[in-house]
Amino acid sequence: MVSAPGGTAAAGETAAQLRRLDLAHVLHPHATVGRAPEPLIVDSASGATLRDIDGNSYIDGTCGLWQCAVGHGRAELAEVAAEQMRRLEFYASFWHLSNPQAIRLAERLAGIAPEGLNTVFYTNGGSEGNETAVKLARLAWHASGQPERTVILSRQGAYHGVGSASLAATGLPAFHDGFGPLTPGFVHLSKPHGKPYGTETTDVLVAELERTIAEIGPERIAAFIGEPLLGVGGMVPPPPGYWERVQRVLREHGILLILDEIVTAFGRLGHWFGAEHYGIEPDIAVTAKGLSSGYVPMGAVLIGDGVMGMLDGTPFRHGFTYNGHPVGAAVSLANIDIIESEGLLDRARTLGARILDGLGQLEGDDRVAEVRGAGMAFGVELALDDATPVADAAREHGVLVRAAGSTIVLSPPLVLTEAQADTLVDAVTKAVRAL
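Under this note's numbering, think of the first position of the sequence shown as 119, with each following residue one higher.
Structure follows, in structure tokens:
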């Protein structure tokens, strides 16, 4: 880390006081209750650089949680938010109500989304989006005279959120502990990754899918939900031919495809959607994170024309207070403009290749099981159970990365400079080799 004198605590308030207040009053997501370590308090940020309350600087190697595509501290997004707040801070979008920004964003999303996804339902984030997608799939079959089609197929290793249906769809058992009984009607297939990493792996996965459909009965299955690549599960790309063959099986049995694009949409893989990268044609796509680059909580579920046809004339008794938030919509429109005008899709591909090549130098090290990635999403899987020591060491070298089980996960802002990319690679390399 790069240190600066003085820190940035408010007058009369020390960094130590803030840490004590945090430990006393804040319950952090995914922390161990009553056992939280001393917090890293991020005070400011710009581009791909974070500054903590003590004045130390770090390269943001994770975008927080994958969200900050256009980088931190964009004054133009703050100005858009302020202007929209002055004009209309919020009004509900239930029933027949709407606002100009939500309408314009829906049109823009339909224009960049995979073909046929022309209708938008807004959310506040990814978990809400996957809750919505599951309800849409089940309701569509109910409206079509097949109410028995309720089963949702998912994958081990997949993460889809922490709501009711989204948690049940998540294939990471640690997230389930203590929250049972989970919502019924979800079946998990094997993780789409393994050795040998090739067409033989795809053969096994597709055979399992076909066998599971036969055992359950296609007439009972509403949808399959999957990520273009596993995000929380370790930045795991699918084996060759996986998505092409999975889609073929789903189409043969009339099973809807829900694509969880929460991590991958808006440039993470070098395309507007991960669907483009892997040739996926979803019936429903779920987005959040990069939609607004995290400047406001905002998500969008994109619904295919076929599903909308199935739902035609059906009451949709579902929604959240802040659906279609005008400030969120205005900021998201401006965020999409930045991604487009600054060529960040191309940058994700070119800079991502540079980073993957650098991290690839760790291949062959007996401390490393695998280096993988696509666009600006990377995973360095270690030959040990817990990657936390490597993440801690990288922080000492001025880079924040995430430990996800045995894997170091990296997903930096798309505005990362070449010099910062090289520093990121160097920090991770040094941290691994210090084991």
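Glycine included, C-beta positions come from ideal geometry on N, C-alpha and C.
- Annotation: the continuous alpha helix (DSSP H) that includes Ala142 extends over 133-143.
- Between His278 and Thr268, the gap from beta carbon to beta carbon reaches 7 Å or more.
- Counting only runs that start and end inside the segment 200-286, the beta strand (DSSP E) elements of at least 3 residues fall at 235-241, 269-273.
- For Glu488, the enclosing beta strand (DSSP E) covers residues 486-492.
- Each residue's CA atom was taken as its position, placing His143 and Ser308 some 40 Å apart.
- The Cβ atoms of Thr382 and Gly372 do not sit closer than 7 Å to each other.
- The way I'd put it, the segment 386-401 does touch the segment 462-476; three or more beta-carbon pairs between them come closer than 8 Å.
- Each residue's CA atom was taken as its position, placing Gln538 and Gly470 some 12 Å apart.
- Setting aside the 5 residues that flank it on each side, Leu528 is surrounded in the same chain by Gly179, Phe496, Val519, each with a C-beta closer than 6 Å to its C-beta; the list follows chain order.
- Using a 10 angstroms sphere on the CB of Phe434, the tally of other CB atoms stays under 16, which defines it as exposed.
- Between the segment 208-219 and the segment 424-444 there are three or more C-beta pairs closer than 8 Å, enough to call the two in contact.
- By the Cβ rule, the segment 321-329 does not count as touching the segment 243-262, because fewer than three pairs are nearer than 8 Å.
- Annotated three-state conformation of Ala512 is helix, per DSSP.
- DSSP places Leu532 in the coil class of the three-state scheme, outside both helix and strand.
- Per DSSP, Val414 lies in no beta strand (DSSP E) and is assigned neither H nor E.
- Within the segment 341-390, the runs of beta strand (DSSP E) at least 3 residues long that lie entirely inside it are, in chain order, 374-378.
- In the structure shown, Ala163 adopts extended strand secondary structure according to DSSP, grouped into three states.
- Membership of Ser175 in the beta strand (DSSP E) is indicated by the continuous run 175-178.
- Counting only the Cα atoms, Leu500 lies some 7 Å from Glu488.
- For Ala521, the enclosing beta strand (DSSP E) covers residues 520-522.
- Across the structure, Leu347 and Val404 are spaced so that their CA atoms are roughly 14 Å apart.
- Ala283 has its alpha-carbon roughly 26 Å from the corresponding atom of Ala521.
- Going by beta carbons, Ala545 and Ala512 fall inside the 7 Å limit.
- Closest by C-alpha distance to Gly303, out of Thr317, Leu271, Thr250, Leu290, is Leu271.
- The continuous beta strand (DSSP E) containing His306 extends over residues 304-307.
- For Gly431, no beta strand (DSSP E) segment is defined, and its DSSP state is neither H nor E.
- Close CB contacts of Gly424 within its chain, under the 8 Å cut and outside five residues either way in sequence, are with Gly234, Asp401 (chain order).
- Taken through DSSP and simplified to helix, strand or coil, Ala495 comes out as strand.
- Annotated three-state conformation of Ile339 is strand, per DSSP.
- Judged by DSSP in its simplified three-state form, His436 adopts coil rather than helix or strand.
- Met428 sits close to Ser262, with the two beta carbons spaced by under 7 Å.
- For Val527, the three-state secondary structure derived from DSSP is strand.
- Within the same chain, Cβ atoms closer than 6 Å to the Cβ of Ile376 are found at Ala251, Ala341, Ile343, Ile402, the five residues on either side in sequence being excluded.
- Between Gly516 and Tyr176, the CB-CB gap stays under 7 Å.
- In this structure, Ala166 and Gly191 do not form a Cβ contact; the two beta carbons are roughly 10 Å apart against a cut-off of 8 Å.
- The beta carbon of Gly412 lies closer than 7 Å to those of Gly182, Gln185, Cys186 in the same chain, with the five residues before and after it left out.
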